[in-house]
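I have placed the structure first, in the form of structure tokens, so that the comments after it can refer back to it.
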Amino acid sequence: MKIDYLQALKRIDEARGAWILHGQEPLLEQNLVDAFRQSWTKQDIERQRFDINNVSEWKNVFNALNSLSLFSQNLAIEVHGNIKPDANSLKLLKSYIQHNEHNLLVIIMPKQDSSSLKSAFFQTVEANGVVVSLTANYPKERQQILAVEAQKLGIQLEQDAWVWLEQHHEHNLLAAKNSLMRVADTFPNESTIQISHLLECLQDQSRYSTFDLSDAMLSGNLSQAIKTFQYLIASGEPYSLILWTISKEMRLLMQLFEQPQNALQLGIWKTKVNLYQQALRRLNPQHFLTWPQLLLRIDAAIKGKSQENPEHLIQQCIAELCGRRLFGT
4 MKIDYLQALK RIDEARGAWI LHGQEPLLEQ NLVDAFRQSW TKQDIERQRF
54 DINNVSEWKN VFNALNSLSL FSQNLAIEVH GNIKPDANSL KLLKSYIQHN
104 EHNLLVIIMP KQDSSSLKSA FFQTVEANGV VVSLTANYPK ERQQILAVEA
154 QKLGIQLEQD AWVWLEQHHE HNLLAAKNSL MRVADTFPNE STIQISHLLE
204 CLQDQSRYST FDLSDAMLSG NLSQAIKTFQ YLIASGEPYS LILWTISKEM
254 RLLMQLFEQP QNALQLGIWK TKVNLYQQAL RRLNPQHFLT WPQLLLRIDA
304 AIKGKSQENP EHLIQQCIAE LCGRRLFGT
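Each residue of the sequence shown is one higher than the last, beginning at 4 in my numbering.
Listed below in structure tokens is the structure:
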């Protein structure tokens, strides 16, 4: 079964079997994962997490699903990664779906292309479980999602304020949510937010944005990129949004290197194709191999799952995108 983000939110408490969450909207992923964890805590469901770095690690997931601890009746397992099960693991997945209806397997993946969505893995889960696309392609969808966030904060926006907010953040839901939080904090006695409130609250935050950071990195201007990054941190921009911006640019550059004729199909704006092409000419493709692991380290540092400093790692990433290396291999 395929459902969207808002439908998924309503099914959290009764979720069982196998679910796949895939997409490129960090706000939607973050909200759903948080909702799952809160539900598991409320229901006293044991939770385990696996990060899949190679296909052989899938067997650890299914071994865990079939072996509860002495203190648990139900188990929820989070799997993070972009590696699909092989044929042997797919058999284990089918067996789990058929025979273990009380546990829950939630697989969190980045955006998938059309061929991946037609794979046996996705087809198996879609036929026997739930596949959630973490996308919001239309203004109405984005406004519905953000309206839920506004409601949590005890505010609502006038219609023209919604339009302004979306244009201001160029469809970036996570950035828009952060702006809602700022405006709610700035005007605690206002329940209805107008454009004037947004302007007063956000205009002092608009000196630099994550879009300026992207432009500086793609241009290879390391000093400007670091300056922009430091401004964003000082103005309260969350590390997760900055990581999303960096990972998006890294992914697009790696995809463009593999498909140099498909810039527009990859989602690169026509006015910025030349900027990406210049960046590729400046960068060493061999360094691309180290980027996914570096992004995983940043994610772990942000979530407190490692002792590394996320700010230092992000600066390392910025340098990589500018064609510079802060440290040797």
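Don't be surprised by glycine CBs; every beta carbon is placed ideally from N, CA and C.
None of the values given here were measured: they were computed from a predicted structure.
| message | Please give the ranges of any alpha helix (DSSP H) in the stretch 181-216, keeping only runs that are unbroken, at least 4 residues long and fully inside the region. | response | Runs of the alpha helix (DSSP H) inside the stretch 181-216: 198-205.
- With which residues is A21 paired in a DSSP beta bridge? L108
task: Using a threshold of 9 Å, state whether the C-beta atoms of L156 and L183 are closer than that.
output: yes
Compare the beta carbon distance of I249 and I305 with 9 Å and say whether it is the shorter of the two. no
### Task
Any chance you could list the beta strand (DSSP E) runs of at least 3 consecutive residues sitting entirely within the stretch 61-144, in chain order?
78-83, 107-113, 133-137
| said: Spatial neighbours of W294 within its chain, please: C-beta separation below 6 Å, excluding the five flanking residues on both sides. | reply: M253
Looking at the secondary structure, which residues open and close the alpha helix (DSSP H) in which E28 lies? Element bounds for E28: n/a, residue is neither H nor E.
Looking at the C-beta of K97, does it have a partner C-beta in chain B at a distance below 9 Å? Protein chain content of the structure displayed is limited to a single chain, and chain B is not contained in it.
Query raised in the report: Is Q262 helix, strand or coil by DSSP?
Result: coil
Going by other Cβ atoms of all chains shown within 10 Å of its Cβ, with 16 needed for buried, is P288 buried or exposed?
exposed
Item checked: Alpha-carbon spacing of I158 relative to E169, whole angstroms -> 17 Å
Residue interval of the beta strand (DSSP E) (run including E49)
Segment 49-54, the beta strand (DSSP E) holding E49.
- Item | Cβ neighbours of I148 in the same chain (closer than 8 Å, five flanking residues each side left out) | Y8, L9, L30, L31, A139, L176
Tell me whether Q159 sits in a helix, a strand or coil according to DSSP, three-state version. strand
- Message: Taking the beta carbon of W272 as the centre, do at least 16 other beta carbons fall within 10 Å, making it buried, or is it exposed?
- Response: exposed
Given 8 Å, three or more beta-carbon pairs between the stretch 121-134 and the stretch 17-24: yes
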